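Student:
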Amino acid sequence: MKLAYTAYDNQGQAVAGTIDGSDVMAATEALRSKGLYVAEIVESATRVEKVTTKRRLSSRGGKKTRNLTMFTRHLSVLIGSGSQLTEALGALERQAKQGPWRSAIADLNARVEEGAALSEAMEANSEYFDPVYRSVWPL
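Numbers in the working numbering are just positions in the sequence shown, counted from 1, shifted up by 34.
#1: Using the three-state DSSP reduction, which class does E74 fall into: helix, strand or coil?
#2: Out of curiosity, what's the CA-to-CA distance linking H108 and G124?
#3: Give the DSSP-derived three-state secondary structure of G114 in the structure shown.
#4: One question on the structure: do A50 and V72 come within less than 7 Å of each other, judged by their Cβ atoms?
#5: Express the C-alpha separation of T99 and K36 in angstroms, rounding to a whole number.
#6: Distance check for E154 and S93, CA to CA, integer angstroms please.
#7: For the region 128–141 against the region 58–73, do three or more pairs of beta-carbon atoms, one drawn from each stretch, fall closer than 8 Å, so that the two count as touching?
#8: On a Cα-Cα basis, can you pick out the residue from D57, I75, L65, E148 that is closest to D43?
#9: With distance defined between alpha-carbon atoms, name the residue in F105, L112, E148 nearest to F163.
#10: Would you tell me roughly how many angstroms separate the C-alpha atoms of R136 and L142, rounded to the nearest one?
#11: Spatial neighbours of T62 within its chain, please: C-beta separation below 7 Å, excluding the five flanking residues on both sides.
#12: By DSSP, does D54 sit in helix, in strand, or in coil?
#13: From what residue to what residue does the beta strand (DSSP E) around A41 run?
#14: So, is A48 buried or exposed, given that buried needs 16 or more other C-beta atoms within 10 angstroms?
Set out below in structure tokens:
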């Protein structure tokens with residue numbers, strides 16, 4: 035059986051590879067006899083499936099997640115430095131690229147200027163701001 039492994043050598047360097055063995059225990063012992071400390075050992079097909087799943091999960095939401103992350107960081111910094119909420123939203127709107135994301139920020143700003151709470155304005159743009167995220171901003 036072909037097994038894929040991740041291990042560490044005596045200097046703490048990560049080592050990855052494959053090894054043939056009758057079972058996981060035999061392969062682990064063979065790697066230990068070479069001075070390696072096994073962190074993970076799985077059948078090769080399982081490892082490929084695991085990596086593919088990890089890539090698929092990490093690519094979900096890509097640009098939307100990146101926009102929301104940057105929005106959160108910048109809004110937090112601007113408010114933390116003493117900017118008014120509408121000033122901060124205006125600055126974020128000007129910095130955003132043209133498109134749906136910028137329109138959503140403009141809508142947030144307009145609603146807040148009209149007296150809505152930020153979480154209420156975010157609810158009107160629920161395709162960008164889910165309920166958990168909205169609950170973080172009680173302003």
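Idealized CB from N, CA, C, for every residue including glycine.
Fair warning: this is a prediction, and the values are worked out from it, not measured in the lab.
Tutor: Working from what's here:
#1: Annotated three-state conformation of E74 is strand, per DSSP.
#2: Approximately 12 Å, taken between the alpha carbons.
#3: Helix, per DSSP.
#4: It is not a contact, given that the beta carbons lie outside the stated cut-off.
#5: Whole-angstrom Cα-Cα distance: 38 Å.
#6: With a pLDDT of only 42 at S93, under the threshold of 50, the placement of this residue in the model should not be trusted, and no figure is reported.
#7: Segments in contact, no.
#8: From the listed residues D57, I75, L65, E148, the smallest Cα separation to D43 is found for L65.
#9: Answer by Cα proximity: F105.
#10: Just so you know, the alpha carbons of R136 and L142 end up roughly 10 Å apart.
#11: For T62, where only same-chain residues beyond five positions count, the Cβ hits under 7 Å are V72, I75.
#12: Judged by DSSP in its simplified three-state form, D54 adopts strand.
#13: In the DSSP annotation of this structure, the continuous segment of the beta strand (DSSP E) that includes A41 starts and ends at 36–42.
#14: With fewer than 16 other Cβ atoms within 10 Å, it is exposed.
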